[in-house]
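Heads up: the structure comes next, in structure tokens.
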Amino acid sequence: MKETFYQKKGLAIEKVAAELFLLSKDDRMPIISELQEKYELSRGTVQNALSFLKEIGAIETESKGHLGTYIKKIDYQILQSYVVKDQLTATMPLPYSKLYEGFATGLYLAFKESDIKLNMVYIRGSEDRIEAVKKGLYDMAVVSRFAAEHEIQTNGTIDIALRFGPKSYLSEHVLLLASKEHESIIDGMRVGIDRDSLDHLMLTNEHIEGKNIELVEVPANQLIYALRENQIDAGIWNYDEIIDKNYEDLNVQFIPLKEQHKAMNEAVIICQKDNLVIESICRKNIEVEKMLETQNKIKNGLMTPRY
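Encoded structure:
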């Protein structure tokens, strides 16, 4: 029944279901004429879509006379099956650390429990992930809160759908040095820089300010390789990979945590600005505490990653 009706009235069902998905029990139902105008549909088409959604148990309404019609009962799972037609698409950093593996697993399991297929693509660099969401290539992306807030303040083209709290994105950034003799970047050094990663770029600029150094373009996830191959003398990187892979040979210098650095350690999910449906899908299907629990289990070797 769903497939037959969807072929004929698919657009109307999708649009009306999306409108209802943003509402709650006891909310006033949208007026049919408003939906007609908004989506350029006929009155009969909108009425048929509403009738269909009522028949399958997605909503139950109650008329209150001149006050209008209100939602008596709402089933988000049913509505969601019409809002999300095939799959959700998302992008996040390459899962090179257990923390990222944990995050990817948490997302996969959250949507699997809701019978939503999640197509995850791994893209290096927060700038590229944000741009992909802005262009509509993906429904959502995982970035640091720092990168998300910078984009919002600069262009205002995305929204933060969910925040996951301190150290959910990474534990901390560290300065890596090729020579054991140094504790900081000094004049004459070759410093690796990845301009596609906003967090890395900002931290690197902080550490080279006022110094006479040579910048070498290196993808952030290749910094360790570049150090070992004598291509660079220093670079900022994620401490999690160093711990996970037990890189004892590296000269690791910890960076004093400033207030502005805290946003770099927190994971957020972003979507296009005003895409209330995707935002609502994230909030209704992802439990932050459950995500963090999964992440910690994988970080501590108590669970096998699945993504």
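If you read the sequence shown in our numbering, its first letter stands for residue 829, the second for the next number, and so on.
Cβ coordinates follow ideal geometry from the N, Cα and C atoms, glycine included.
Residue(s) in a DSSP beta bridge with residue i
i: Thr933; result: In the DSSP output, where bridge partners are listed per residue, Thr933 has none listed.
i: Ala1062; result: Leu1005, Val1019
i: Asp987; result: Cys1099
i: Met948; result: Ala918
Exposed unless 16 or more other CB atoms sit within 10 angstroms - verdict on residue i
i: His1028; result: buried
i: Ile887; result: buried
i: Tyr928; result: buried
i: Pro994; result: exposed
i: Phe1082; result: exposed
i: Tyr1053; result: exposed
i: Gln981; result: exposed
i: Gln1088; result: exposed
i: Glu1117; result: exposed
i: Thr1132; result: exposed
DSSP-derived helix/strand/coil call for residue i
i: Ala969; result: strand
i: Leu916; result: strand
i: Ile1070; result: helix
i: Asn1093; result: helix
i: Ile860; result: helix
i: Ser891; result: strand
i: Val1044; result: strand
i: Lys1039; result: coil
i: Tyr898; result: strand
i: Asn1124; result: helix
i: Phe992; result: coil
Nearest candidate by alpha-carbon position, reference residue i, set the options
i: Ile899; options: Asp1022, Thr933, Leu881; result: Leu881
i: Lys926; options: Leu1104, Glu1107, Ile1071, Met1092; result: Ile1071
i: Tyr950; options: Leu937, Ala938, Val970; result: Val970
i: Ala1091; options: Ala976, Asp1068, Arg1056; result: Ala976
i: Phe992; options: Asn1058, Glu1069, Ile1098, Ile1106; result: Ile1098
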